[in-house]
Each structure stands twice: as C-alpha cells, then as structure tokens.
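Visitor: The opening position of the sequence shown corresponds to residue 10 in the numbering used here, with each subsequent residue numbered one higher.
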Amino acid sequence: MTRSCSPSSTLRLSTPKRSTTQLTASALQRTPLYDRHIALGGRMVDFGGWQMPQQYTSIRDEHFAVRQAAGLFDVSHMGRFRVAGASSRQFLQGLVTNDIAPLVHGQAQYNLMCNEEGGIIDDLVVYCGSEGFFVVVNASSREKDLSWFREHAPADVEVEDRTFELALIAFQGPRAQELLPCDGLDAIPYFGFGHGDVAGIHALISRTGYTGEDGFELFIDSDRVGDVWDAILAGGKKAGVLPAGLGARDATRLEAALRLWGNDMDESVNPYEAGLGWTVKLGKGDFIGRDVLQKVKADGARRQLVGLKMQPGDIGRHGAAVSTQGKSVGVITSGTHSFFLGYPIALAMVEARSFQVGDRAVVEVRGREAPAEVVKLPFYRGSARSLSEKKESRHG
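1) Which same chain residues, not among the five before or five after alanine 93, have their C-beta less than 6 angstroms away from its C-beta?
2) Would you call glycine 127 buried or exposed, if buried means 16 or more other Cβ atoms sit within 10 Å of its Cβ?
3) Within this structure, are the beta carbons of glycine 254 and glutamine 60 separated by less than 8 angstroms?
4) Buried or exposed: where does tryptophan 157 fall if 16 or more other Cβ atoms within 10 Å of its Cβ makes it buried?
5) Would you say glutamate 71 and glycine 80 are within 8 angstroms of each other, going by their C-beta atoms?
6) When DSSP labels each residue in this structure, what does alanine 176 get in the three-state scheme?
7) How far does the beta strand (DSSP E) with glutamate 373 in it extend, from its first residue to its last?
8) My assumption, with CB atoms under 8 angstroms, is that isoleucine 129 sits in contact with tryptophan 270. Please give the rounded CB distance.
9) Tell me the start and end of each unbroken alpha helix (DSSP H) in the region 230–311 that is at least 4 residues and wholly inside, in chain order.
10) Comparing alpha-carbon positions, which option in Val105, Asp368, Lys293 lies nearest glutamate 382?
11) Bridge partners of serine 332, per DSSP?
12) Identify which residue in Ser85, Gly292, Arg299, Arg262 has its Cα closest to the Cα of alanine 173.
13) For the beta strand (DSSP E) containing alanine 93, list its first residue and its last residue.
14) In its own chain, which residues sit with a C-beta less than 7 angstroms from the C-beta of serine 23, not counting the 5 before and 5 after it?
15) Going by DSSP in three states, isoleucine 47 sits in which element: helix, strand or coil?
16) Consult DSSP for isoleucine 68 and reduce its assignment to one of helix, strand or coil.
17) With DSSP run on the structure shown, which of helix, strand or coil describes serine 392?
18) Measure the alpha-carbon distance for alanine 357 versus aspartate 273 and round it to whole angstroms.
19) Report buried or exposed for serine 238, applying the criterion of at least 16 other Cβ atoms within 10 angstroms of its Cβ.
20) Under three-state DSSP, which class holds lysine 385?
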C-alpha cells in the first residue's frame, strides 16, 4: 500500500472524476460520514444546516486529544468552490482583501471577503493550483458566498460548487504528522498543500487547520472518505487519537483566538475591528471595500476585539454585556470553558481603547456581574505557532 505524498511542485487542481456517491442534498444535510458518527455515539446537532456531531465521548476528552496527540474532525459541511478561467486570479484579487498575486500552485492563503462598506462577508482560504483556484468558505455562508462569487465573476471565469462531491476531514494535533498514514508530509509547509495517498486513497493534503495545532485537512472523494476516516482512527487509537466534534473544535479555535464568522465577525464588523487588519493589503490595487478600509485604517477602528479570562463557573455567552466602571462598552462574541487551560475564556467586541491588557472588566453572566481580566491573545499557542514562525523566517 502506497503512503507517499508528492511534493508541492507536482500539484494540480483539476476537475477529478465525479464521485459515484455525493453528499446528500436535503433540508438538513448529512455528510458521507454521518453513519460513522452515529456508530461512534456522536451527539448530532444542526450546525449551519448540517447534521454534525457536537461530541462523541466527551468534549473534554476530545479537546485533550487534539492538544496532546491528535483529533479527527469531519468538516465536510464547509463550502468548497473551484474557480477557474483566464482571469480567475484577477477576479479573486478584486474580491478578497489579501494579496493573492504572489501565490504559486501548492500555496494556500487565509483571506477575508468584504462588502462595499468594508464589512466581512466571510473569511475563507484560497488554494492556488496549476489549473485554477480552490476556495473553502464557511458552511452557513456557502449559498450567499456562491451567489456573491457568481455575481462578480467575468464571463471567462467559472465558479463551480464542489461541496457535494468532495468530503473534507481535518486531522489536528502536535502528533498529526507522525500519525497520519502518509509519507512525505514534512515536504508540505504551513499553508501549503500537496497530493498523496492516505491509507492508500488519493487525497489533496493541506497543512492548515482551525485549532492552533499542527495538522492537515484532507480533500477526498466523498465515496472514499469513510475508509480514510476508519484507517486514521484505527492507526492512532493506541496513541490517543479520538474523533472530535464541534464542541472540541470551538474550544480549541477559541483558545487559539481564531475568529468564528457569525460570532466574532460579520457584515457589520470590518477587518481592523476583528483584529485581522494583517489580511488587508491596501497597496495591492482595487478590491471591494478598499476605499472604506483605507479610511478605517487612517482614522482608527471604533471597536476592538479583546480576550477575557474569567473565573471558574462564569462563562460569558454570545451577546452578554461587557462593562467597565459602570459603563457598558461592548458584548461577548464567543465564550466557553477551556478544559485545557482550566478556566473560562471569551472574546469580546468593545469600544476602541476601552481596555488594555491587565485591565479588569465586568461581564453579565446569568443576570449577575462576573469579574474578568483582559489578557493578551491568543489564550494558548499550539504547535502551529512554530510552523508559522518557520514560514515567516523563510520569507523574512
């Protein structure tokens, strides 16, 4: 059985043979791994119109697996578009905030897509292939994003929704490279991708993720993904690998201060307010929302996203009021109990310059005032940090 992973120089993002079984399109959609989630005891919930596992055994166990070994997530609910055509690069360059001009095939890039007022329509990852681009968007935004893409695409650019024929799973954790059954993974840099055989099945393998840890996201034909899922779990069982649900995914991404669209940002929030100004390349030329964002940068954002450390038992829920010295200055956007850190954490959108690191805040929790401390973000730096630093040093 081959376990090789080809280097990025051989990458192609062409249109593969269509799967014989695709994701089920229904009122509440299911991924190809739905039956496996049920067999594993998954507690299913509605998330962005999909039936997804909130947890299997426990959020705590799955959380620790991701931080100490590796966890396996089904993220097939995420939207996946193929963008191809003579002016596809120019088209995307005018649609997103980051600069995709330098991208070569085998490279991926985190991006934001804004409206004319500078509000964030969605955050996404752009993959550059030899025959076009591949874009991954949020599940709840897929239809809206697809319409936005097609509305702005010129005649020579094709935007194809590939969500219902390609499955997507994420293997995340400090031991992910060691435990993924595919050789040559060290040839894939952070935010790079390659093609390879995982457990003998072809996959596009991307060194990206949403947990703050090293890891890989695997694009696989929907009729073969179950075999890969089974092989990864079986091979990693003794090392502590577990299937992980949305609960562990949310907790780990929040520890890493990774924003969630719909909570920490939306069309009423601009990139500078969300703390994502580093994705905005004003010097690259025109793109949707550029003029407004240029003014926001010059004048300063009116709001800022801050991190809060709270007391055990006090969890700041989305929308809870945040105040200082008796004055309400904002709201919680995301909050949870961090099993790994041992205390509750939260992100809050507050008035600019209302807090500095070390300041005290008050959060409304179940009708009472709960104390919180403003802390530096991220709350936790996982194994992805060293990969990011290596990437920066190579380009510095």
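Ideal Cβ placement from N, Cα and C applies to all residues, glycine included.
Just so it is clear, the structure is predicted and the values come from calculations on it, not from any experiment.
Guide: With the given structure in hand:
1) The answer, listed in chain order, is Gly141, Glu167.
2) buried
3) no
4) buried
5) yes
6) strand
7) 369–374
8) 7 angstroms
9) Fully enclosed alpha helix (DSSP H) runs of 4 or longer: 234–245, 255–264, 299–308.
10) Minimum Cα-Cα distance from glutamate 382 among the listed residues Val105, Asp368, Lys293 corresponds to Asp368.
11) Ser337, Val371
12) The question names alanine, but residue 173 in the sequence shown is phenylalanine. Comparing Cα positions, the closest option is Ser85.
13) 88–94
14) In this predicted model, serine 23 has a pLDDT of only 38, less than 50, meaning its place in the structure is not dependable enough to derive any value.
15) helix
16) helix
17) For serine 392, the secondary structure class from DSSP, reduced to helix, strand or coil, is coil.
18) 8 angstroms
19) Going by the sequence as given, residue 238 is tryptophan instead of serine. The residue in question, tryptophan 238, is buried, as its Cβ has 16 or more Cβ neighbours within 10 Å.
20) coil
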